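Structure record follows, encoded as structure tokens.
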Amino acid sequence: MVTALVVILVLILLLPFVVKQVEHNLEYFLFTMGIISVIVSKQFSAELFFHIFKNPLIYYITLAVLIAGLIFTLLKEKLKIGVEKVADKISLRLFAFIIIVILGLMSSIITAIIASLVLVEVVNYLPLTRKNKINLIVIACFSIGLGAALTPVGEPLATIVVSKLHADFFYLARLIGIDIIIAILALGLIGTFFAKRESGIGEPTEDVEADENIKEVFIRAFKVFVFIFALELLGTGFKPIIDLYIVKMKSEILYWVNTISAIVDNATLAAAEISPSMTPEQIRAILMGMLISGGMLIPGNIPNIISAGKLKIKSTEWARIAVPLGAILLIVYYIVLFVI
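Under the working numbering, the first residue of the sequence shown carries the number 3, and numbering increases by one thereafter.
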């Protein structure tokens with residue numbers, strides 16, 4: 003069973019980069035791998051599907067994507083004019099810094115979902131090349147994924163951790179707040195290097211239809227639903243490996259092993275790993291490893307999924323900047339957490 007699950011894990015990591023059909027249909031591929039993983043781990047049952055269908059979060063996220071998509075579609079001209087006015091009045095580099103930092107910090111209040119929906123609509127109308135739009139989106143998604151963990155409102159991982167530890171609302175802000183704020187500011191500075199104004203470029207990214215219709219908004223929302231369902235299945239399918247091996251590791255090793263949160267739902271990992279018996283230092287290390295890794299690949303967290311779906315960002319395009327950036331952040335924070 004373990005060998006088969008490892009093979010599935012490798013396939014999930016590699017196939018989106020080498021098979022075009024998989025890359026273009028990532029949601030359905032992950033759903034299929036999720037089904038296979040729960041069958042292999044003997045977790046497949048009607049109860050599992052009922053449990054996933056009863057999870058209100060899957061509907062909340064899908065509905066948020068749908069409603070925001072409809073609103074942005076109806077108001078796209080006003081949004082475009084507004085973004086262009088702001089971009090004309092201030093430096094584009096400053097605008098990029100503000101977007102990354104503000105959305106990163108605000109995601110803990112307005113949720114990572116809403117922050118990412120705002121992000122893609124704003125960046126889509128900036129006078130940037132497609133490559134730099136993708137770079138900016140990826141960096142901002144790292145920021146949103148980190149910032150959302152500051153409160154239980156921001157994302158499911160934070161909710162689960164606070165619940166398991168019976169902690170107060172601001173526990174995570176006190177524990178990892180400084181780490182996260184420094185990272186968000188650093189990401190904002192990095193983002194400025196990709197905010198190079200291109201003359202004649204102010205229209206939506208070429209892969210995104212400017213006249214996105216209502217039907218396409220519904221299709222995008224459905225794909226997000228499938229994506230989240232797939233992550234739930236994968237989290238359940240890999241749970242035997244998590245329970246047998248991962249939770250027993252030392253914090254220093256766990257920090258690196260948790261890079262699997264790049265493809266496995268980090269809320270599932272947190273639910274399995276976090277315990278009230280752990281020291282604050284252990285919890286801090288586990289969380290930072292998960293949160294940073296979550297930005298490295300598209301399945302890593304909800305902002306990635308929403309952004310990649312809207313701008314039709316390919317797995318290779320995402321990983322080209324996200325993997326090196328994530329690796330640098332992981333090394334820096336490993337030194338901060340375990341060496342200094």
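Cβ atoms here follow ideal geometry from the backbone N, Cα and C, with glycine treated the same way. As the structure is a prediction and not an experimental result, all values here were calculated from the model.
Assuming isoleucine 178 contacts arginine 286 (C-beta within less than 8 angstroms), just tell me the rounded distance between them.
Residue numbering aside, residue 178 sits at position 176 when the sequence shown is read from its first letter. Residue numbering aside, residue 286 sits at position 284 when the sequence shown is read from its first letter. That belief holds up - the Cβ atoms of isoleucine 178 and arginine 286 are roughly 6 angstroms apart, short of 8 angstroms.
Nearest-angstrom Cα distance between lysine 44 and threonine 281?
Taking the sequence shown and counting its residues from 1, the one referred to as residue 44 is at position 42. Taking the sequence shown and counting its residues from 1, the one referred to as residue 281 is at position 279. Rounded to whole angstroms, lysine 44 to threonine 281 spans 33 angstroms at the Cα level.
Mark valine 12 as exposed unless 16 or more other C-beta atoms lie within 10 angstroms of its C-beta, in which case mark it buried.
Locating residue 12 in the sequence shown gives position 10, counting from the first residue. Residue burial annotation: valine 12 is exposed, with fewer than 16 other C-beta atoms found within 10 angstroms of its C-beta.
Could you check how far apart the C-beta atoms of phenylalanine 19 and serine 317 are, in whole angstroms? I think they sit under 8 angstroms.
Residue mapping note: residue 19 aligns to position 17 of the sequence shown, counting from 1. Residue mapping note: residue 317 aligns to position 315 of the sequence shown, counting from 1. Distance from phenylalanine 19 to serine 317 at the Cβ level is roughly 6 angstroms; contact confirmed, criterion being Cβ atoms closer than 8 angstroms.
Looking at the structure shown, is glutamate 157 part of a helix, part of a strand, or coil, going by DSSP?
As a working note, residue 157 is residue 155 in the sequence shown. Under the three-state reduction of DSSP output, glutamate 157 falls in the coil class, being neither helix nor strand.
By alpha-carbon positions, which one of Glu319, Gly291, Gly311 ends up nearest to isoleucine 337?
Here the question's residue 337 lines up with position 335 in the sequence shown. Of the residues Glu319, Gly291, Gly311, the one whose Cα lies closest to the Cα of isoleucine 337 is Gly291.
What is the residue span of the alpha helix (DSSP H) that isoleucine 323 lies within?
Taking the first residue of the sequence shown as 1, we reach residue 323 at position 321. For isoleucine 323, the enclosing alpha helix (DSSP H) starts and ends at 317 to 336.
For valine 187, which of helix, strand or coil comes out of DSSP?
By 1-based counting over the sequence shown, the position of residue 187 is 185. It is leucine, not valine, that sits at residue 187 in the sequence shown. Leucine 187 sits in a helix when the DSSP states are folded into three classes.
N-terminal and C-terminal residue of the alpha helix (DSSP H) that threonine 5 is part of:
On the sequence shown, residue 5 is found 3 positions in, with the first residue counted as 1. Per DSSP, threonine 5 belongs to the alpha helix (DSSP H) from 4 to 20.
Could you pull out every residue in the same chain whose Cβ sits closer than 7 angstroms to the Cβ of isoleucine 230, ignoring the five residues on either side in sequence?
Position 228 of the sequence shown, counting from 1, holds the residue named residue 230. Residues of the same chain with a CB within less than 7 angstroms of the CB of isoleucine 230, apart from the 5 flanking positions on each side, are Ile60, Ile63 in chain order.
For isoleucine 333, does the count of other Cβ atoms within 10 angstroms reach 16, so buried, or fall short, so exposed?
Working through the sequence shown from its first residue, we reach residue 333 at position 331. Counting Cβ neighbours within 10 Å, isoleucine 333 comes out exposed, since fewer than 16 surround it.
Using the Cβ count rule (16 or more neighbours within 10 Å means buried), how would you classify threonine 5?
Along the sequence shown, read from residue 1 onward, the residue named residue 5 stands at position 3. Result: exposed.
If you draw a straight line from the alpha carbon of isoleucine 255 to that of valine 341, how long is it in whole angstroms?
Position 253 of the sequence shown, counted from the start, is the residue given in the question as residue 255. Position 339 of the sequence shown, counted from the start, is the residue given in the question as residue 341. Counting only the Cα atoms, valine 341 lies some 13 angstroms from isoleucine 255.
Are the CB atoms of leucine 105 and alanine 142 nearer to each other than 8 angstroms?
For this step, residue 105 is matched to residue 103 along the sequence shown. For this step, residue 142 is matched to residue 140 along the sequence shown. Alanine 142 sits close to leucine 105, with the two beta carbons spaced by under 8 angstroms.
Answer yes or no: do glycine 71 and alanine 223 have a C-beta to C-beta separation smaller than 8 angstroms?
If you number the sequence shown from 1, residue 71 lands on position 69. If you number the sequence shown from 1, residue 223 lands on position 221. Their beta carbons are under 8 angstroms apart, which means glycine 71 touches alanine 223 by this criterion.
Identify, in the order they occur along the chain, each residue of the same chain with its Cβ nearer than 8 angstroms to the Cβ of methionine 108, setting aside the five sequence neighbours on each side.
Residue mapping note: residue 108 aligns to position 106 of the sequence shown, counting from 1. Same-chain partners within the cutoff: Ala117, Gly149.
Output the boundary residues of the alpha helix (DSSP H) element that contains glycine 147.
Mapped onto the sequence shown, residue 147 falls at position 145. Element bounds for glycine 147: 132 to 149.
Anyone know if the C-beta pair for leucine 189 and phenylalanine 144 falls short of 8 angstroms?
Position 187 of the sequence shown, counting from 1, holds the residue named residue 189. Position 142 of the sequence shown, counting from 1, holds the residue named residue 144. Closer than 8 angstroms, so yes.
Span of the alpha helix (DSSP H), counted from its first residue to its last, around proline 305
By 1-based counting over the sequence shown, the position of residue 305 is 303. Taken as a continuous stretch (DSSP letters only), the alpha helix (DSSP H) holding proline 305 covers 304 to 313.
How about isoleucine 265 and leucine 299: do their beta carbons lie closer than 8 angstroms?
Numbered from 1 along the sequence shown, position 263 holds the residue referred to as residue 265. Numbered from 1 along the sequence shown, position 297 holds the residue referred to as residue 299. Contact flag set, yes.
Around the Cβ of glycine 328, are there at least 16 other Cβ atoms within 10 angstroms (buried) or fewer (exposed)?
Counting from 1 along the sequence shown, the entry for residue 328 is found at position 326. Classification for glycine 328: buried.
So, at 6 angstroms on beta carbons, what are the nonlocal neighbours of glutamate 29 in its own chain, with the 5 sequence-adjacent residues on each side left out?
Translated into positions along the sequence shown, residue 29 becomes position 27. Correct list, in chain order: Lys225, Val228, Phe229.
Would DSSP call tyrosine 257 helix, strand or coil?
The sequence position of residue 257 within the sequence shown is 255, counting from 1. DSSP, read as helix, strand or coil, puts tyrosine 257 in helix.
Reduced DSSP category for leucine 266 - H, G, I as helix; E, B as strand; rest coil:
For the purposes of this step, residue 266 is identified with residue 264 of the sequence shown, where counting begins at 1. The sequence shown places valine at residue 266, not leucine. The answer is coil: DSSP assigns valine 266 none of H, G, I, E or B.
I'd like to know whether the C-beta atoms of leucine 293 and aspartate 267 end up nearer to each other than 8 angstroms.
By 1-based counting over the sequence shown, the position of residue 293 is 291. By 1-based counting over the sequence shown, the position of residue 267 is 265. Against a cut-off of 8 angstroms, the Cβ pair of aspartate 267 and leucine 293 comes out as no contact.
For asparagine 306, which residues in the same chain have their Cβ closer than 6 angstroms to its Cβ, ignoring the five residues on either side in sequence?
Here residue 306 refers to the residue found at position 304 when the sequence shown is read from its first residue. Same-chain partners within the cutoff: Cys143, Ile300.
For the putative contact between isoleucine 38 and leucine 167, defined by C-beta atoms under 8 angstroms, what is the C-beta separation to the nearest angstrom?
For the purposes of this step, residue 38 is taken as the residue at position 36 of the sequence shown. For the purposes of this step, residue 167 is taken as the residue at position 165 of the sequence shown. Between isoleucine 38 and leucine 167 the beta-carbon gap is near 34 angstroms, outside 8 angstroms, which marks them as no contact.
Quick check: the Cα distance between serine 263 and glycine 302, rounded to an integer number of angstroms?
The residue given as residue 263 occupies position 261 in the sequence shown. The residue given as residue 302 occupies position 300 in the sequence shown. Those two C-alpha atoms are separated by around 6 angstroms.
Check each candidate in Thr131, Glu123, Ile180, Arg132 and name the one with the smallest Cα separation from alanine 151.
Sequence index remark: in the sequence shown, residue 151 carries index 149 (1-based). Each of Thr131, Glu123, Ile180, Arg132 was checked against the Cα of alanine 151, and the nearest Cα belongs to Ile180.
Decide if serine 279 is buried, meaning its Cβ has at least 16 other Cβ atoms within 10 Å, or exposed.
Position 277 of the sequence shown, counting from 1, holds the residue named residue 279. Serine 279 is exposed by the Cβ-count criterion.
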